[in-house]
Structures are given as structure tokens and as C-alpha cells.
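To keep things clear, I will list the structure first and then write my remarks on it.
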Amino acid sequence: MKKSLVGANIALVYVIAAFVLAPLPSADAQSGSRTRGGASVPFEVRFWNWLTQVQYRKWAVPAGKDRNELYPGESPHGALLRVYLNETAAAHPKELPPGSIIVKENYSKDRQLKAVTVMYRSKGFDPQHRDWWYGKYMPNGQIATMKMEGSGRVMKLAGSVQSCVKCHSSADGDDYAFFND
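The opening residue of the sequence shown carries number 1 in this note's numbering; numbering runs sequentially from there.
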């Protein structure tokens, strides 16, 4: 009986370690896909799966913020917000080195989750814009889309999203982030 309990505990430790130490999806193919069982899996799908697997809601919150409270936001994000920082971003909030991830939950006035927006700094992704990858997810994990004015084309809001780049390039400190201004 003791041997089976010890074995079960060891197995549980391995399962927990697999989730805690789950590697971030490869940053070298953020705009590309990986093939799994013959099916192509876009980076933004793998990234969302990774974010939920590592339970980003357990990450740090910016200094001065309470993880249990929503704070006022503005367009294009929600009326109310909550921000989480991975270990890299939390350890270096002014520099935000490569590997930094900022997750912002966007809520309506009535406190309903409307979207989850993400910034992921990956060395070499987009050097002209400080290497930030942007993504906007619906609460169900689907990547959000936007109609392009004039063309009627639909664009996925993932990657080097020009509306995100344009806004975030105005953040103080030349780091493209507003939470630390």
C-alpha cells in the first residue's frame, strides 16, 4: 500500500511539473504554423493553449494593483481591466526584456469578460517595433478579427497588429507598455 501511494505521489509531482514548467511555444514561428497529426496549428492557437495551461491568472499583477479588483480602462480595451505579468515581466517591469508577457483581461461596465489581449516580447520577432507580438482573444480562446476599412478584408488580430503597434509606440519609456508609465 505504501509503495503504491509513493508511486502515485511521484506521478502527481511529474504531472504538476509538466504544467508548471511547460515551455512557451516556440517564438521563431509566431506568424507560422506547426503541423500536428497532419493538421496545421497556428502560433496564436498554441499560445492561447499555453497561456491557459500555465494559468496566467496566477501570475503577478503590476505594482499598486490588486489582483481581486478591476480598474478603469479605455478603448480599444474594456471599460474595466485586469493585468497579469509573467515572471520575466514582473521581475523587470521597466525594461520588459525578451520573454516578457503581459496579459490584459478586458471587461465591460457590467463586469463581463469581453476579450483577453496579450503582448509577448520575442527577440527577433519585429525589431522595428521592439519585438512585440500582439494578440486579441475572445473569452472562448478564438482569435479576434477586424474588418479592414475600404477593402472589406478580415484581419486576424495576432502578430504585428498595426493598430496595436501605433498605439503602444506612444507609451513612455520606449517599451511599448503603459502599465509601468
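Positions of the beta carbon are idealized from the N, C-alpha and C atoms, including for glycine. Note that the structure is predicted; figures quoted are calculated from it, not measured.
Integer-rounded CB distance, given that residue j should sit under 8 Å from residue i
{"i": "Y84", "j": "Y56", "result": "5 Å"}
{"i": "P93", "j": "P62", "result": "7 Å"}
CA-to-CA distance, residue j to residue i, given in whole angstroms
{"i": "L65", "j": "Y71", "result": "Note that residue 65 corresponds to Lys in the displayed sequence, not to Leu. Between K65 and Y71, the C-alpha separation is close to 8 Å."}
{"i": "G124", "j": "L113", "result": "32 Å"}
{"i": "Y193", "j": "Q162", "result": "The requested residue 193 is not part of the displayed model; the chain covers only 1 to 181."}
{"i": "G141", "j": "E95", "result": "29 Å"}
{"i": "A91", "j": "L51", "result": "19 Å"}
{"i": "L89", "j": "T145", "result": "The residue asked about is misnamed: residue 89 is Ala in this sequence, not Leu. Computed Cα separation, rounded: 27 Å."}
{"i": "L80", "j": "G73", "result": "5 Å"}
{"i": "F196", "j": "R46", "result": "Lying outside 1 to 181, the shown extent of the chain, residue 196 is not represented and no answer is given."}
{"i": "Q128", "j": "K109", "result": "36 Å"}
Minimum C-alpha distance to residue i - residue among the options
{"i": "E87", "options": "K147, V165, P98", "result": "P98"}
{"i": "S169", "options": "W59, D131, S122, S40", "result": "D131"}
{"i": "A158", "options": "V54, I143, M148", "result": "I143"}
Cutoff 8 Å; reference residue i; Cβ partners in own chain excluding five residues on either side
{"i": "D181", "result": "A171, D172, G173"}
{"i": "N68", "result": "none"}
Where residue i falls, given that 16 or more other Cβ within 10 Å makes a residue buried
{"i": "A150", "result": "One detail in the question is off: residue 150 reads as Gly in this sequence, not Ala. Exposed is the call here."}
{"i": "R153", "result": "exposed"}
{"i": "E44", "result": "buried"}
{"i": "R111", "result": "exposed"}
{"i": "R82", "result": "buried"}
Cβ neighbours of residue i in the same chain (closer than 6 Å, five flanking residues each side left out)
{"i": "Y120", "result": "I101, W133"}
{"i": "S75", "result": "none"}
{"i": "V116", "result": "E105, Y137"}
{"i": "S160", "result": "D126"}
CB contact below 8 Å: residue i versus chain D
{"i": "N49", "result": "As a matter of chain content, chain D is missing from the structure shown, which is built from one protein chain."}
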